[in-house]
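Undergrad: Chains as they are written, first to last, in the numbering used here: chain A, 16 to 352; chain B, 2 to 384.
Cβ coordinates follow ideal geometry from the N, Cα and C atoms, glycine included.
From a predicted model like this one, the values you see are computed outputs, not experimental measurements.
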Amino acid sequence: MASQLIGAVIAIVLGIGFSLFYFAGTNWALDHWLGDRSDAAGNRVSRAHRRESIRPWLFIAPALLILGVYLVYPVVETLRLSFFDDTGEGFVGLANYIWAFQDGEFLLAIRNNLMWLIIVPSASTGLGLLIATLADRVPWGTVAKSLIFMPMAISFVGASVIWKFVYDYRGPDAEQIGILNAIVVSLGGDPVHWISLPFWNNLFLMVILIWIQTPFAMVIFSAALRGVPMDTIEAARIDGAKPVQIFFKVVLPQIMSTVVVVWTTITIIVLKIFDIVLAMTNGQWNTEVLANLMYDWMFRGGGDFGRGSTIAIVIMVAVIPIMIWNIRRFQKEEGMR
Amino acid sequence: MKIAGRYVTGGQVAGQFLLLFLVVIWTLPTVGLLISSLRDKDQLIASGWWSALSSTEITNQGRTGTADDQVETAGGYEIAGNLLPEDSPAEIGFWSDNINDITAYEAGQSAPVDDTGAMTVNADGSYSWVSPEPFTLERGERVFYQAFVPPIFTLDNYREVLASEGIGRAFINTATVAIPATIIPILIAAFCAYAFTWMSFPGRNWLFAIVVGLLVVPLQMSLIPLLRLYNDVGATFGVEAKSYLGIWLAHTGFGLPLAIYLLRNYIGSLPRDLIESAKVDGATHFHIFTRLVMPLSVPALASFAIFQFLWVWNDLLVALVFLSKREDQIVLTSQLRELLGSRGDNWEILTSGAFISMIVPLLVFFALQRYFVRGLTAGSVKG
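(1) Assign A:E348 to one of three DSSP states: helix, strand, or coil.
(2) Would you kindly work out how many angstroms separate the C-alpha atoms of B:L271 and A:Y112, rounded to a whole number?
(3) For the alpha helix (DSSP H) containing B:F310, name the first residue and the last one.
(4) If we ignore side chains and look at the alpha-carbon of each, how far apart do A:I133 and B:L29 end up?
(5) Between which residues of its own chain and B:T334 is the CB-CB distance below 8 angstroms, once the five residues before and five after are set aside?
(6) For B:I184, decide whether its Cβ has a neighbour in chain A, counting only Cβ atoms nearer than 8 angstroms.
(7) Sorted by chain position, which residues of the same chain lie with C-beta nearer than 6 angstroms to B:K383's C-beta, five sequence neighbours on each side aside?
(8) Using beta-carbon positions only, say whether A:A39 and B:L363 come within less than 8 angstroms of one another.
(9) Have a look at the DSSP bridge pairing and note the partners of B:E107.
(10) Would you check whether the ligand COA has a heavy atom nearer than 7 angstroms to the C-beta of A:S237?
(11) Counting only beta-carbon separations shorter than 8 angstroms, does B:G82 have a partner in chain A?
(12) Could you tell me how far apart the beta carbons of B:L35 and B:F356 are, in whole angstroms, since I believe they sit closer than 8 angstroms?
(13) By DSSP, does B:T60 sit in helix, in strand, or in coil?
(14) Taking DSSP as the reference, what is the three-state secondary structure of A:S53?
(15) Hey, could you find the ends of the beta strand (DSSP E) B:T121 is sitting in?
(16) Is the beta carbon of B:G94 less than 8 angstroms from the beta carbon of B:A148?
(17) Any beta carbon of chain B sitting closer than 8 angstroms to that of A:M309?
(18) Which of the three DSSP states is assigned to B:F149 in this structure?
(19) So with Cβ pairs under 8 angstroms, would you call A:A327 a contact of chain D?
(20) Can the beta-carbon of A:W226 be found closer than 8 angstroms to that of A:P136?
(21) Quick one: what does DSSP say B:S201 is sitting in, helix, strand or coil?
(22) Would you please verify whether the beta carbon of B:V382 is less than 8 angstroms from any beta carbon of chain A?
(23) Which residue from B:A75, B:G254 and B:V365 puts its Cα closest to that of A:G83?
(24) Taking Cβ-Cβ distances shorter than 9 angstroms, what residues in chain A pair up with B:N315?
(25) Could you name the residues of chain B that A:G323 contacts, counting a contact when the two beta carbons are closer than 9 angstroms?
(26) Identify the continuous alpha helix (DSSP H) that holds B:Y267 and give its terminal residues.
(27) Less than 8 angstroms between CB atoms is the rule here; does B:M2 satisfy it with respect to chain A?
(28) With a cut-off of 8 angstroms, do at least 3 Cβ pairs link the region 139-156 of chain B to the region 84-94 of chain B?
(29) Starting from the beta carbon of A:S137, find every residue of chain B whose beta carbon is closer than 9 angstroms, and list them in chain order.
(30) Check whether the Cβ of A:P77 lies closer than 8 angstroms to any Cβ atom in chain B.
(31) In angstroms, rounded to a whole number, what distance separates the CA positions of A:L305 and A:T279?
(32) What does B:M359 reach in chain A if we use C-beta pairs closer than 8 angstroms?
(33) What are the start and end residues of the alpha helix (DSSP H) that includes B:E142?
(34) With a Cβ-Cβ cutoff of 8 angstroms, do A:G193 and A:Y182 count as a contact?
(35) Does the beta carbon of A:Y184 sit closer than 8 angstroms to a beta carbon anywhere in chain B?
(36) My assumption, with CB atoms under 8 angstroms, is that B:F305 sits in contact with B:V365. Please give the rounded CB distance.
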């Protein structure tokens with residue numbers, strides 16, 4: 016254990032030391048080997064131009080190398096593997112894709128992912144906006160936001176434990192220690208095994224992610240609401256608009272671009288949702304989602320890399336429109352700079 | 002309506018109640034976990050955490066002494082002792098020698114038992130069984146009781162989970178993963194972000210567009226190729242495929258796009274004149290970066306560091322794929338997930354284990370919330 020901690024410290028020192036050595040060393044070498052020199056006639060020849068055309072590449076090389084190995088190469092390789100068999104050796108054409116769209120488990124995962132995609136981003140965005148708006152108007156708004164913010168720091172697995180405890184089920188004769196069943200029983204109902212309740216159990220898992228993502232939406236909207244000019248709101252108020260009207264007709268249109276950013280960010284998180292499903296049900300009781308199914312196939316029966324890659328590609332395809340939109344948005348912003 | 006000297010409309014009051022309700026929903030589950038983790042484990046399963054402050058009712062049984070324990074008294078013979086386990090804070094309310102009628106007698110009441118003499122059981126568990134004839138019983142008589150246990154709060158659950166459920170070791174492992182994986186990307190990303198902002202080179206815009214694209218690439222795309230790559234590297238060089246070095250580099254790779262993006266936005270917002278005048282004074286890019294830009298970028302570096310630290314600390318998927326589940330490599334999230342499977346009903350272990358896994362992120366989060374929010378606002382496009 017001690018050696019492990021020492022190992023970590025050495026890694027930090029070596030990591031930073033090596034990076035510093037690389038950046039300082041290559042810069043020194045560049046200045047040294049491509050320094051200005053005198054030609055045969057004794058005139059100084061500036062090689063600054065050549066130096067400065069090489070230097071940027073020295074600055075970005077380590078980042079490009081790591082991005083290449085850890086993100087760009089895998090994207091290409093995963094696409095390739097999706098056309099190969101379980102070992103990644105034999106070419107099978109579209110067989111994995113044909114398998115996927117005939118496999119009940121995969122289709123179930125698609126259905127569930129679609130439900131997650133509709134419900135979680137809309138609920139988180141809506142609730143986040145509601146909380147940000149309400150908190151703006153009350154004196155204890157900052158405290159409220161701080162408290163609601165907390166789940167953002169909690170891991171998906173930690174949140175799963177928290178909510179599994181909320182959903183805890185004991186037989187009808189036992190004392191309920193899960194708060195949800197305790198409420199149901201105190202209202203005269205019978206305790207319910209929430210996590211295996213057909214169809215609705217998906218919703219109970221989504222609640223966990225909504226609980227984590229709403230604070231994110233709230234923070235972003237809080238900042239955006241502060242950017243809405245007061246005089247537009249005042250003008251509407253003088254014209255006799257009600258608060259709800261002001262919100263939907265004056266405030267909301269002005270923060271629409273933020274709503275879209277928050278929505279898409281949560282959408283991407285939802286597409287990759289894995290930890291919560293793994294920890295709560297591991298896909299049992301019809302709660303399977305794509306990322307969990309993919310993880311399952313990576314190791315099931317020694318691992319089927321072809322099918323795993325195919326499922327990853329399906330997730331990627333769903334992300335591509337957002338990716339393109341992101342790049343476009345970035346390029347537009349650059350144009351305005 | 003007038004509240005605290007200010008006129009408040011009905012709508013505003015409704016708004017306050019709604020907000021209060023939402024705050025309760027967002028905090029209650031965590032509060033329940035924290036309270037439960039501090040409760041005695043027998044009480045934890047006997048009553049809900051919301052009744053943690055009231056006494057718990059338990060039914061149990063104890064055994065009296067045997068004939069060997071009897072002492073001769075003036076009036077006959079007596080067996081005395083205590084039915085409750087040692088140091089038990091419980092108070093007996095009712096007792097009986099008949100399992101079908103546990104509440105037959107009140108504490109302090111005297112009643113005939115086993116046709117031989119009379120027994121008195123007191124609230125503190127002490128009993129006295131007297132008989133004019135000598136006792137002959139070879140096994141102690143079973144006495145059933147219903148007792149009330151006052152609330153007990155204890156750190157025992159934490160002690161147990163840290164020592165014997167692997168959470169203590171997993172905590173160290175998680176720190177081993179998270180700290181280097183947070184620090185290593187910073188310098189690499191900062192140099193890259195500087196070049197993207199203040200140096201000109203062919204393909205700069207499009208390389209950066211690729212970085213923006215990589216922000217949202219799902220982690221799932223990287224898992225299988227990297228797993229294969231690591232296995233190959235491990236086999237070729239005769240080293241372990243699952244290692245801390247491997248996961249540090251993986252987290253570095255996955256964190257880099259956000260780091261570059263955040264830092265570029267920040268470095269790009271530094272005043273152009275500052276950089277230009279340094280250049281005029283003859284400073285090289287390397288010096289401008291190390292002496293001027295790095296120190297000025299500390300807030301952005303902090304934002305990213307917090308973000309990356311929380312992300313790595315809370316990660317499960319990357320750890321599952323790139324580390325083994327051996328004792329010397331398993332991280333907190335992974336260990337917690339194992340406990341959910343193997344000790345699913347032992348809430349004293351799950352609640353305290355979960356809370357230990359949350360302590361560091363919560364501390365970082367509350368101490369550095371300002372930086373965290375800034376990073377969040379700036380980097381809200383990350384996938």
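TA: Let me lay it out:
(1) helix
(2) Taking the straight line joining both Cα atoms gives about 49 angstroms.
(3) V299 to N315
(4) 26 angstroms
(5) Same-chain partners within the cutoff: T175, N315, D316, L317, A320 and S358.
(6) By this cut-off, B:I184 is an interface position.
(7) At B:K383, the pLDDT of 41 sits below 50, so the modelled position is not reliable and the matter cannot be decided from this model.
(8) The answer is no: Cβ separation not under 8 angstroms.
(9) DSSP output for B:E107 lists B:F95 as bridge partner(s).
(10) What this structure holds is no ligand at all, so the ligand COA is not there to describe.
(11) no
(12) 6 angstroms
(13) strand
(14) Correct three-state label for A:S53: strand.
(15) A119 to V122
(16) yes
(17) yes
(18) strand
(19) Annotation note: the requested chain D is absent from the structure, which comprises protein chains A and B.
(20) no
(21) coil
(22) Low per-residue confidence applies at B:V382: pLDDT is 42, beneath 50, and the placement is therefore not dependable enough to give any value.
(23) For the residues B:A75, B:G254 and B:V365, the minimum Cα distance to A:G83 belongs to B:G254.
(24) A168, I169, S170, F171, V172, G173 and D290
(25) Q221, L224 and I225
(26) Segment Y245 to G269, the alpha helix (DSSP H) holding B:Y267.
(27) Below a pLDDT of 50, predicted positions are generally treated as unreliable, and B:M2, at 48, falls in that range; no measurement from the model is reported.
(28) yes
(29) Those within 9 angstroms of A:S137 in chain B number zero; the least Cβ separation is about 17 angstroms.
(30) yes
(31) Roughly 18 angstroms between the two C-alpha positions.
(32) Those within 8 angstroms of B:M359 in chain A are A168, I169, S170 and G173.
(33) Element bounds for B:E142: n/a, residue is neither H nor E.
(34) yes
(35) no
(36) Wrong, their Cβ atoms sit about 13 angstroms apart, outside the cutoff.
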